[in-house]
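Novice:
Chains as they are written, first to last, in my numbering: chain A, 14 to 507; chain B, 2 to 666.
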């Protein structure tokens, strides 16, 4: 049995060391981390934070009283040596007055929390139309004459779409779409319409507001307001599958002027590769960026020699053609109009890539173009190494992985040293291996094996030994150089 | 029923044929005896053994999770494996760790505490056990398939590699729909469904037992608090499990047969899953907590040598917690867009549930007040329980405020909160129970000195592991993330937390090793080692097969304590007599049903995976269950008589305390 006085003595001796340890550990506690909810920068987060501290103070009060009582009884009523033979302690069964008193006290303490809770629920769940900052938030007031007249009395709305595992931010009032990074004006009430296209996600931008879920089939919304310009970090807070941890996003809060410039830049879309320009003619005396793109793709089709042979142009051709990026991605103005992957218009303006996991900025917080280029290359050529399960690589019908295995014929496989024997060694039946080798020019994934999942897997297993270079020799998979060219093109999207 | 004469030992029985023409397995000893037993004590021990095994598995899963999170951007394990680990850790600890360990105590203690010779339906009790084992195996077999895949048995390019469940223990649709997760979810759905059958059967059994089989004089308000909590927990199970049964059935229909309960593209509603799941899921929290509270309410009076302060209020607040537990489920859904009225209502109801919980804590302190506290190992654990549970209660109050919860929901703050409740609370409570009742169960005592060390390591390791998570969550770290980027200020405390987790793990491991050692090699202790208060301590350790040689007649709460130290004696009815005590016959059929469920569950998942003919095996499995139940009904209850020893003289009552006569209520 541990004697209490010994324990106390021991505690007295170690207390200085313990407190030193505690202090040094607490020095590792900062309340202002990138994603800290304890560092509110807008009224919604502020209300939530204030309420949190109310609960902390009430709980601390209860804790001090209950812990003191517990400590007191444990010390005071402990069995001391020699107590063995003494009579039993009083055998009372309780005291209703004490019980009722304690219940009343608990209810009173909870009321202290309940009142501000109810106020805050109503405040965060309704547009703050009665607050003094609501009127100046109307588009007609701060966005000048540049919005439709029927939108003048509306506040800024953003449609937030959750996808496995990235974010799309659509500004319906401006006709623009961004991905994974979005901008809002400081000091303005903004309404976020939260939608999901697949599973449940949750929008959490801790310094601005607590989270609200994006539920498929439901129309959730929230309002936010950011006090000052700045750069804020958020991430998906509802488990949404394999790469949930990598579903980050960022928000840049800007002054009204900067925000308008940001919107206009998006509205003007991406310029055609390498500054390619359409020649004015009688139909279009003043060619727009869209005309530049159309002229570029016309030229690629009809007169490829007229396209300069630099990496940007070649990258754009790959993007639109062989690498099949346009199946899913959109670049406003350009022929790329895919709707199931991030909109890449002004991709090069974004400070991060791959939903926030690859950072493009240098130590000064400004985009480092060398780092950006490398990130772009890494992300498109090796996305499966950076983001497990990501659909750019793994999507069965359109992803890069699909590209990796399309166009593979037995004839081409033979050039990188794969024989009929290696097929059999990987588990392909010898009958099928014979069939495959008999038609060396047919894509092998189509030779009688479409429905046979296991066989397909065995064939892929044979190929998984190949390097990226070998893959690009035998299939539609782009070469390393081609990936670098695509990256060079992507870096011009601003 | 049996015409045979009473025997001293069941091995002396003559082989008896049931109406089926098969010989009843009554005479077996050794492993066949354990497989066919209907004795609530043996079933309790098997529940306990299974729980310890799964605690071990769940603990290894937890430590792997902490290992992965020790440093940012760690690639020790893949994202997919991480998701499987936290899914299985949660599922295992709740359904295969805490619930069966509670069930072990229910089984072993309830008949002893109410003065009964067994539960009301002994074969149903065995059925519950084997069905539980089947469900647990269905869940965990998925790991075996997963490992087989990892070492390459299935080829490297399976389209879906999530053979072990990876949808979270809460299984939110539509992530668990067939479009997003593979056969892991099928294992999970079927495993949980089978476990639900086990829990429901066991609960009906305990309700009937407690209501009907109490010894004469054991009125409801004389029931030991642990038995009361068992009764309330059993009611919670029979009301809560149907909700998840429906949810799982709907999800299974979606996945197997193409219904659209949760498929959004066909008009299904994922929010429906969340309501059904949490209508089960929140009472489930109390299903886990109330038994531990019952244990604490037995241990504190024993070691402070005072009756429980406010017995009636402790019991009543347990019932109120159980009742309110059904009215707070939507606080798990504050961020799903419930609207302000529902959010406000569930906020206030959640705050309200703090009152009966607080009442329990006040009454426990009231029990200590004025006592003579002996710091034996179970008592030290029980005091730890009060502290840690109180901390978990505080963060619970913080969550009840919906706007504050909008920042805490799905962050590490929540992870800290429910581990304080379920680990600091429930696990410490169950470990207290283990140290307290192992001497009764096995007649041997665990190493007490080691017990203090275990308690120290568990409490210290636990706090080092989980207290920093409050900070991590508040500074923005979401839960269920397989890693985190550097530069968010989460590195230090994640590292500290991992260290704490390993201290905790070692503490629990020492306890389990000591437990196994004690069962094999422990030294004998006296029957009433703690100067106990309730009827089980009046029996020899280990307890004989028939429990009570003669039925006790009760005249006070804490009957055995009052018998020893007070003025009201337990008397015994002379019902053993020369013809002996009637014992229920053992049976193979509960085990047969369990095997059927196992085959059914695994085959259904295999069917989903596209294994040929698996559907026939599934039908066969279900057929086996039906056949097992049918044969069990035809077999009849059987039974035999055991001789009891001559009643031993009651211990001389100690002089009554001078201050106040004991047991005056």
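Heads up, the beta-carbon is just placed ideally off N, CA and C, and yes, glycines get one too. Source: prediction; values computed, not measured.
So, do the stretch 211-221 of chain B and the stretch 274-285 of chain B have three or more beta carbon pairs nearer to each other than 8 Å?
Specialist: Segments in contact, no.
Novice: Should residue 284 of chain B go down as buried or exposed, given a rule of 16 or more other Cβ atoms within 10 Å for buried?
Specialist: What you label residue 284 of chain B is simply residue 283 of the second chain in a count that begins at 1. Per the 10 Å Cβ criterion, buried.
Novice: Which term fits residue 490 of chain A, buried or exposed, when burial requires 16 or more other beta carbons within 10 angstroms of its beta carbon?
Specialist: Looking up residue 490 of chain A in the first chain gives position 477. Buried, since its Cβ has 16 or more Cβ neighbours within 10 Å.
Novice: Which whole-angstrom value is the C-beta distance of residue 47 of chain B and residue 35 of chain B, which I expect to be below 8 Å?
Specialist: Within the second chain, residue 47 of chain B is the residue found at index 46, counting from 1. Within the second chain, residue 35 of chain B is the residue found at index 34, counting from 1. So it is a contact: roughly 7 Å between Cβ atoms.
Novice: Here's the rule I'm using: 16 or more other beta-carbon atoms within 10 Å means buried, otherwise exposed. How should residue 166 of chain B be labelled?
Specialist: Residue mapping note: residue 166 of chain B aligns to position 165 of the second chain, counting from 1. Label assigned to residue 166 of chain B: buried.
Novice: Which term fits residue 135 of chain A, buried or exposed, when burial requires 16 or more other beta carbons within 10 angstroms of its beta carbon?
Specialist: By 1-based counting over the first chain, the position of residue 135 of chain A is 122. That one is exposed.
Novice: Going by beta-carbon coordinates alone, are residue 616 of chain B and residue 608 of chain B separated by less than 7 Å?
Specialist: Position 615 of the second chain, counted from the start, is the residue given in the question as residue 616 of chain B. Position 607 of the second chain, counted from the start, is the residue given in the question as residue 608 of chain B. Against a cut-off of 7 Å, the Cβ pair of residue 608 of chain B and residue 616 of chain B comes out as a contact.
Novice: Would you mind working out which of B/404, B/354, B/310 and B/316 sits nearest residue 345 of chain B, comparing C-alpha positions?
Specialist: By 1-based counting over the second chain, the position of residue 345 of chain B is 344. Comparing Cα-Cα distances from residue 345 of chain B to each of B/404, B/354, B/310 and B/316, the minimum goes to B/404.
Novice: For residue 1 of chain B, which beta-bridge partners are listed by DSSP?
Specialist: The structure shown does not extend to residue 1 of chain B, since chain B is modelled only from 2 to 666, so the question has no answer here.
Novice: So residue 234 of chain A and residue 224 of chain A are supposed to be a Cβ contact under 8 Å. How far apart are they, rounded?
Specialist: The residue you call residue 234 of chain A lines up with position 221 of the first chain. The residue you call residue 224 of chain A lines up with position 211 of the first chain. About 13 Å; that fails the 8 Å criterion.
Novice: Between residue 375 of chain B and chain A, is there a C-beta pair that is closer than 7 Å?
Specialist: If you number the second chain from 1, residue 375 of chain B lands on position 374. So yes, residue 375 of chain B belongs to the interface.
Novice: Could you name each continuous alpha helix (DSSP H) segment of 4 residues or more that falls completely within the stretch 296-369 of chain B, going from the start of the chain to the end?
Specialist: For the stretch 296-369 of chain B, whole alpha helix (DSSP H) runs of length 4 or above, ordered along the chain, are 312-325, 341-353 and 355-369.
Novice: For a quick check, are the C-beta atoms of residue 228 of chain B and residue 114 of chain B less than 7 Å apart?
Specialist: Working through the second chain from its first residue, we reach residue 228 of chain B at position 227. Working through the second chain from its first residue, we reach residue 114 of chain B at position 113. Yes, these two residues count as a Cβ contact at 7 Å.
Novice: Leaving out five residues before and five after residue 208 of chain B in sequence, what residues of the same chain have Cβ atoms less than 8 Å from its Cβ?
Specialist: The residue you call residue 208 of chain B lines up with position 207 of the second chain. Taken in chain order, the residues that qualify are 232, 235, 236 and 239.
Novice: For residue 96 of chain A and residue 60 of chain B, what's the separation of their Cα atoms in angstroms?
Specialist: The residue you call residue 96 of chain A lines up with position 83 of the first chain. The residue you call residue 60 of chain B lines up with position 59 of the second chain. Each residue's Cα considered, the two are about 41 Å apart.
Novice: Compare the Cα-Cα distances from residue 163 of chain B to each of B/186, B/30, B/171 and B/170 and report the closest residue.
Specialist: Translated into the one-based positions of the second chain, residue 163 of chain B becomes position 162. Among B/186, B/30, B/171 and B/170, the Cα nearest to that of residue 163 of chain B belongs to B/186.
Novice: Comparing alpha-carbon positions, which option in B/395, B/642, B/515 and B/618 lies nearest residue 119 of chain A?
Specialist: Walking along the first chain from the start, residue 119 of chain A turns up at place 106. It is B/395 whose Cα lies nearest to the Cα of residue 119 of chain A.
Novice: Starting from residue 386 of chain A, follow the alpha helix (DSSP H) in both directions and report where the run begins and ends.
Specialist: Looking up residue 386 of chain A in the first chain gives position 373. First-last of the alpha helix (DSSP H) with residue 386 of chain A: 382-394.
Novice: Which residues does DSSP pair with residue 374 of chain B in a beta bridge?
Specialist: Counting from 1 along the second chain, the entry for residue 374 of chain B is found at position 373. Looking at the DSSP assignment, residue 374 of chain B forms a beta bridge with A/91.
Novice: Helix or strand or just coil, what does DSSP make of residue 269 of chain B?
Specialist: Residue mapping note: residue 269 of chain B aligns to position 268 of the second chain, counting from 1. Looking at residue 269 of chain B - three-state DSSP - the assignment turns out to be coil, as it is neither helix nor strand.
Novice: Quick one: list the residues of chain B neighbouring residue 90 of chain A, beta-carbon separation under 8 Å, in chain order.
Specialist: Here residue 90 of chain A refers to the residue found at position 77 when the first chain is read from its first residue. Residues of chain B passing the Cβ test: 305, 369, 370, 371, 372, 373 and 374.
Novice: Hey, is the stretch 55-65 of chain A in contact with the stretch 234-247 of chain A, meaning 3+ C-beta pairs nearer than 8 Å?
Specialist: The stretch 55-65 of chain A is in contact with the stretch 234-247 of chain A.
Novice: Tell me, to the nearest whole angstrom, how far the beta carbon of residue 58 of chain B is from that of residue 598 of chain B; I am working on the premise that it is less than 8 Å.
Specialist: Counting from one through the second chain, the residue named residue 58 of chain B turns up at place 57. Counting from one through the second chain, the residue named residue 598 of chain B turns up at place 597. Residue 58 of chain B to residue 598 of chain B, Cβ: 20 Å. No contact.
Novice: Does the distance from the CB of residue 338 of chain A to the CB of residue 411 of chain A come in under 7 Å?
Specialist: Working through the first chain from its first residue, we reach residue 338 of chain A at position 325. Working through the first chain from its first residue, we reach residue 411 of chain A at position 398. Taking 7 Å as the Cβ cut-off, residue 338 of chain A and residue 411 of chain A do not qualify as a contacting pair.
Novice: Please check if any C-beta of chain B sits within less than 7 Å of the C-beta of residue 214 of chain A.
Specialist: What you label residue 214 of chain A is simply residue 201 of the first chain in a count that begins at 1. No, its Cβ sits nowhere closer than 7 Å to a Cβ of chain B.
Novice: Using a Cβ cut-off of 7 Å, pull out every chain B residue sitting near residue 231 of chain A, in sequence order please.
Specialist: As a working mapping, residue 231 of chain A is identified with position 218 in the first chain. Those within 7 Å of residue 231 of chain A in chain B are 272 and 338.
Novice: Determine the direct distance from the alpha carbon of residue 96 of chain B to that of residue 103 of chain B, and round the result to whole angstroms.
Specialist: Looking up residue 103 of chain B in the second chain gives position 102. Looking up residue 96 of chain B in the second chain gives position 95. The alpha-carbon atoms of residue 103 of chain B and residue 96 of chain B are separated by roughly 11 Å.
Novice: Is the Cβ-Cβ distance between residue 123 of chain B and residue 51 of chain B less than 7 Å?
Specialist: Sequence index remark: in the second chain, residue 123 of chain B carries index 122 (1-based). Sequence index remark: in the second chain, residue 51 of chain B carries index 50 (1-based). Cβ distance not < 7 Å, so residue 123 of chain B and residue 51 of chain B don't count as in contact.
Novice: Using three-state DSSP, classify residue 630 of chain B as helix, strand or coil.
Specialist: Counted from its first residue, the second chain places residue 630 of chain B at position 629. In the structure shown, residue 630 of chain B sits in a helix (DSSP, three-state: H, G or I).
Novice: Excluding the 5 residues flanking residue 125 of chain A on each side, which residues of the same chain have their C-beta closer than 8 Å to its C-beta?
Specialist: By 1-based counting over the first chain, the position of residue 125 of chain A is 112. Result list for residue 125 of chain A: 67 and 71, in chain order.
Novice: Helix, strand or coil for residue 248 of chain A, going by three-state DSSP, please let me know.
Specialist: As a working note, residue 248 of chain A is residue 235 in the first chain. Residue 248 of chain A: strand per DSSP, three-state reduction.
Novice: For residue 413 of chain A, tell me which candidate among A/396, A/426, A/400 and A/427 has the shortest Cα-Cα distance.
Specialist: Locating residue 413 of chain A in the first chain gives position 400, counting from the first residue. It is A/396 whose Cα lies nearest to the Cα of residue 413 of chain A.
Novice: For residue 169 of chain B, which residues in the same chain have their Cβ closer than 6 Å to its Cβ, ignoring the five residues on either side in sequence?
Specialist: As a working mapping, residue 169 of chain B is identified with position 168 in the second chain. Answer for residue 169 of chain B: 88, listed in chain order.
Novice: Quick one: residues in its chain with C-beta nearer than 7 Å to the C-beta of residue 67 of chain B, no 5 flanking neighbours on either side, listed in chain order?
Specialist: Numbered from 1 along the second chain, position 66 holds the residue referred to as residue 67 of chain B. If we look at residue 67 of chain B and ignore the five residues flanking it on each side, its Cβ neighbours are 498, 499 and 502.
Novice: Are residue 507 of chain A and residue 361 of chain A closer than 7 Å when you measure CB to CB?
Specialist: Locating residue 507 of chain A in the first chain gives position 494, where the first residue counts as 1. Locating residue 361 of chain A in the first chain gives position 348, where the first residue counts as 1. Yes. Within cutoff.
Novice: Starting from residue 195 of chain A, follow its DSSP beta bridges and name the residues at the other end.
Specialist: To locate residue 195 of chain A, count along the first chain from 1; it is residue 182. Looking at the DSSP assignment, residue 195 of chain A forms a beta bridge with A/264.
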